[in-house]
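Keeping their order, the protein sequence lines are chains A and B. Taken in order, the first sequence gives residues 1 to 410; the numbers are from the UniProt record's numbering. Taken in order, the second sequence gives residues 1 to 410; the numbers are from the UniProt record's numbering. All C-beta atoms in this analysis are idealised placements derived from N, C-alpha and C, irrespective of residue type, glycine included. Owing to the predicted nature of the structure, the values given are computational and were not obtained by experimental measurement. Below is one structure, written out as structure tokens, with a few remarks after it.
2 protein chains.
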Amino acid sequence: MADNGISRRRLLGTAGATGLALGAAGGAAGYAAAPSETPEQTPSLASLGADTVMFHGKHQPGITTPLQSRGHLVAFDLTAGAGRKEAAALLRRWSATAERLMAGKAPAGEDTDVARDAGPSSLSVTFGFGHSFFGRTGLEKQRPSALDPLPDFSSDHLDKARSDGDLWVQIGANDPLVAFHALRAIQKEAGEAARVRWQMNGFNRSPGATARPMTTRNLMGQIDGSNNPKPSDDDFEQRIFVPASGEPQWMAGGSYVVVRRIRMLLDDWEKLGLKEQEAVIGRHKSDGSPLTGGTETTEPKLEKAGADGEYVIALNAHARITRPDQNGGSAMLRRPYSYHDGFDKDGEPDAGLLFVCWQADPLRGFVPVQRKLDRGDALSKFIRHEASGLFAVPGGAVKGEYVGQRLLEG
Amino acid sequence: MADNGISRRRLLGTAGATGLALGAAGGAAGYAAAPSETPEQTPSLASLGADTVMFHGKHQPGITTPLQSRGHLVAFDLTAGAGRKEAAALLRRWSATAERLMAGKAPAGEDTDVARDAGPSSLSVTFGFGHSFFGRTGLEKQRPSALDPLPDFSSDHLDKARSDGDLWVQIGANDPLVAFHALRAIQKEAGEAARVRWQMNGFNRSPGATARPMTTRNLMGQIDGSNNPKPSDDDFEQRIFVPASGEPQWMAGGSYVVVRRIRMLLDDWEKLGLKEQEAVIGRHKSDGSPLTGGTETTEPKLEKAGADGEYVIALNAHARITRPDQNGGSAMLRRPYSYHDGFDKDGEPDAGLLFVCWQADPLRGFVPVQRKLDRGDALSKFIRHEASGLFAVPGGAVKGEYVGQRLLEG
Ligand code: HEM
Ligand code: HEM
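Listed below in structure tokens is the structure:
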């Protein structure tokens, strides 16, 4: 297995894309732009199926893992009869299954065969605990205050049935059947202990479809993820992960994930002209560069004014308002999937972003930034938050351990 | 553009998979089976984004085109004010957009940018006309009798709102954002002339996830498509396409598509053991070979009996009952997508097959075979037909022509 290659990719946090992909189409048709910078590393597409993500490690997979082209988010509630003991057994089963599947092995017992013939295709499985989990399992004392319910935001349109949950599982893979296979295996392993509460499907670019090395596009057509914290940043670990000395101890090496199903009002959005769309974000749509110039990785010049005396990057531009330096240092790692569940009765697409963001502390990450967005940035009128969840995602399991063991047997 | 390469792939009708993909995972983990036969041709994954399907040709794309990993099916109804003239203008716009996008160019006018940076990724767009189209456009005289409504089947559980429609569009691509981009462009081009009636999303294996060259798996874990008619068969053209001398003349080179949303009752299915599952189909799950032995491409020995005196391939086995030689020669080209729209209230997956099959005449293809399945084969109790459509898909446009022009201006 290409563990070394993979580890390097995980550290880079880049999507599995290749610089080779666009030779013909880009050249002949001119639609595909040249990559805005040289890829630091171009994973080989020949190994798409064989690519493996490590299950064991300091952190769980699926956080700094390059975005896969297919994703499932699923929340479970413990059943009435299930307590701490059943939850521990469940996490033990789930961890064993995740480890096997991520290594490209069949699950123990009868298999559905849906992933048969395919390699693991960068499958990752990530487990988290919701606020309600701790009451049901008598573990209130272990509940981190960071799991306190998110504040209500005035613009929320939350569907409670698709929000929260005792347990949360994130599945990603570069093959949709491999991802579905894992989802089904995880659901089956839940047995009598837990039931699906809600489930969502998402997607991103296929590896090889584009020559861009860094980031994906969302369904508004924007390059998304440009100014994410990078694993090479000095403060990356500190911002995203709970430190070894952190509280509660069972969360050492863990992270808090905020999940928001954010509908995009695409019919309204697409009525805007290109310039208006770019003003909303403060970056160019073509290559993600700031409106003040440069490339995707250039720092925006927030103070720069145009001939009209107005800021080039407007005061309500999304990419200005959300910056750490505008929010007392608050930062998060965004790792979203797009979703599209068809059209509603008015012919409007039920589509948008499964916004998934990671941080060591939601009160120093999502919450202050969303509070500000809630007062209204330029993007707000084109989106609607329809579901929400906050989960404690413990550190990765070491060999012989299962995810959450330090909580459940601590 | 790799037109020659693509044409060869289209003729082969094989999925875009590579023999390289499984080196590591297959060897190390042993889950992935070796391919059951040598691929006749292994398209290069390095060109996933650049791969192009031809818009112009004798037949429309998306029929013998290798299955893409992402698919959208969408039906439109003409609006009250729209007649033949508006329909003609619509098909002209749609054809121009399909041609541009399939060549990897941006659509005319303002673009959403969702496919930007990506190559066409084997995008195909296919257009068809439903029974109701002809009345709305005053073209009843041109309506083929082959479009007569399908008979009712006793096991049907059809949702009318997700069935039929004036116009049908099938979109396939190896990148989900490229497919969504095309769907949105097509919807936008409909303008005031037509509204979305229903829309479904599907998927298949990603190129490169498996070394198997021929066929994909469905969500029951079976290899699906093994005994499809092959473009190299003597009677392939005759079975699948309306001949040049066919009736009505505007359908020359065209084909009829039957679309069925078939829910799989996976909770019941997965309770069966492997042997029982294999008996239901009459083929091995591992490699698709008939229960009477050989490989995926070996002819089943229908008359062979086991030690117990019973047929090895049961009389009600799906792959026995559906064979042309059991149905007076009736044959169809199956080109399905899997679908998964989450879980319903009981925790059962809303998942199954977007069954799409092609034939020169539905009365010599889908209808007689489904009549027999309706009386009950071994598979019937594990599936439920939930939506249905039948559309006339005209021949491909030659340069300068639009799809359906021979009907609309004939
Ligand atoms: C559908 C909803 C959203 C869309 C389409 C969207 C889109 C974008 C885009 C295009 C960028 C600029 C490129 C980049 O750095 O990634 C950006 C930046 C950012 N967004 Fe969003 N966003 C959405 C919702 C949110 C939410 C809910 C939050 C947090 C509460 C958020 C936080 C951020 C942050 C922190 C940045 C980076 C700012 C920086 O450091 O430069 N976004 N977003
Ligand atoms: C969810 C529903 C279905 C599933 C899971 C399914 C699955 C299969 C499988 C596994 C095979 C054997 C491998 C192959 O040759 O592809 C097969 C063969 C076949 N099926 Fe189905 N099928 C379904 C519905 C249908 C329907 C509705 C029809 C047509 C009315 C149909 C027609 C055929 C035909 C014609 C063959 C090939 C028989 C031969 O020539 O050997 N199937 N199917």
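Query, Result
"Could you tell me which uninterrupted alpha helix (DSSP H) segments, each at least 4 residues in length, are contained entirely in the stretch 204-256 of chain B, listed from first to last along the chain?", "236-240"
"Out of B/Ala87, B/Ala108, B/Arg323 and B/Gln326, which has the shortest C-alpha to C-alpha gap to B/Gly128?", "B/Ala87"
"In this structure, does DSSP put B/Glu386 in helix, strand or coil?", "strand"
"Could you give the distance in angstroms between the alpha-carbon of B/Pro66 and the alpha-carbon of B/Arg406?", "27 angstroms"
"Let me know the secondary structure DSSP gives B/Phe55 once reduced to three states.", "coil"
"Would you mind listing the alpha helix (DSSP H) stretches within the stretch 270-340 of chain A that are 4+ residues and don't spill past its ends, in chain order?", "274-281 and 318-321"
"A/Leu158 by DSSP, collapsed to three states: which one?", "coil"
"Should B/Ser36 go down as buried or exposed, given a rule of 16 or more other Cβ atoms within 10 Å for buried?", "With a pLDDT of 29 at B/Ser36, under the threshold of 50, the predicted position of this residue should be treated as unreliable, and no value is reported."
"Count the other C-beta atoms from every protein chain shown that fall within 10 angstroms of the C-beta of A/Val312, then say buried if there are 16 or more, exposed otherwise.", "buried"
"Thinking C-beta only, is B/Phe76 closer than 8 angstroms to B/Ala161?", "no"
"With 8 angstroms as the C-beta to C-beta threshold (strictly closer), list the residues of the stretch 340-357 of chain A near chain B in chain order.", "His340, Asp341, Gly342, Phe343, Gly347, Pro349 and Ala351"
"Could you tell me the distance, in whole angstroms, from the CA atom of B/Leu373 to the CA atom of B/Arg239?", "20 angstroms"
"With a cut-off of 8 angstroms on the beta carbons, I'd call B/Gly208 and A/Gly396 a contact; round off their distance for me.", "Incorrect: roughly 27 angstroms between the Cβ atoms, too far for contact."
"Buried or exposed: where does B/Arg375 fall if 16 or more other Cβ atoms within 10 Å of its Cβ makes it buried?", "exposed"
"So which of A/Pro300, A/Pro290, A/Gln170 and A/Val114 has the shortest CA-CA distance to A/Val259?", "A/Gln170"
"Give me, in chain order, the residues of the same chain whose beta-carbon lies closer than 8 angstroms to that of B/Ala305; leave out the 5 immediate sequence neighbours on both sides.", "Tyr311 and Val312"
"Excluding five sequence neighbours on each side, which residues of the same chain lie with their C-beta closer than 6 angstroms to the C-beta of A/Ala279?", "Ala314"
"Can you check whether the C-beta of A/Ala146 is within less than 8 angstroms of a C-beta belonging to chain B?", "no"
"Out of A/Thr79, A/Gly81 and A/Ala96, state which residue places its alpha-carbon closest to the alpha-carbon of A/Tyr402.", "A/Ala96"
"Does the beta carbon of B/Asp234 fall short of 7 angstroms from some heavy atom of ligand 2?", "no"
"Can you tell me where the beta strand (DSSP E) with B/Gln359 in it begins and where it stops?", "Pro349 to Gln359"
"By the criterion of Cβ-Cβ separation under 7 angstroms, what are the contact partners of B/Asn327 in chain A?", "Here the premise fails: no neighbours, minimum Cβ distance about 28 angstroms."
"Could you run through the stretch 246-273 of chain A and flag, in chain order, every residue whose CB is less than 8 angstroms away from some CB of chain B?", "Leu266, Glu270 and Gly273"
"Confirm the yes/no value for this check: CB of A/Leu291, any heavy atom of ligand 2, distance under 7 angstroms.", "no"
"Over the uninterrupted beta strand (DSSP E) stretch that includes residue 454 of chain B, give me the two end residues.", "The question about residue 454 of chain B has no answer, for chain B in this structure spans 1 to 410."
"Under a three-way DSSP split, which group does B/Thr112 fall into?", "coil"
"Taking Cβ positions only, does B/Val393 come closer than 8 angstroms to chain A?", "no"
"Leaving out five residues on either side along the sequence, give the residues of the same chain with a beta carbon under 6 angstroms from the beta carbon of A/Ala29.", "Its pLDDT being 27, under 50, A/Ala29 is placed unreliably by the model, and the measurement read from it follows with that caveat. If we look at A/Ala29 and ignore the five residues flanking it on each side, it has no Cβ neighbours."
"Bridge partners of A/Ile262, per DSSP?", "A/Leu353 and A/His385"
"Report the three-state DSSP secondary structure of A/Gly135 (helix, strand or coil).", "helix"
"Which residues, in order along the stretch 205-226 of chain B, keep a beta-carbon less than 9 angstroms from a beta-carbon of chain A?", "Arg205, Ser206, Pro207, Gly208, Ala209, Thr210, Ala211, Arg212, Thr216, Arg217, Asn218, Leu219, Met220, Gly221, Gln222 and Ile223"
"Determine the direct distance from the alpha carbon of A/Pro149 to that of A/Asn316, and round the result to whole angstroms.", "27 angstroms"
"Answer yes or no: do A/Pro394 and A/Gly404 have a C-beta to C-beta separation smaller than 8 angstroms?", "yes"
"Grab me the residues of A/Phe133's own chain with a C-beta within less than 6 angstroms of its C-beta, minus the 5 sequence neighbours each way, in chain order.", "Asp166"
"Just the Cα atoms here: how many angstroms apart are B/Met220 and B/Val178?", "27 angstroms"
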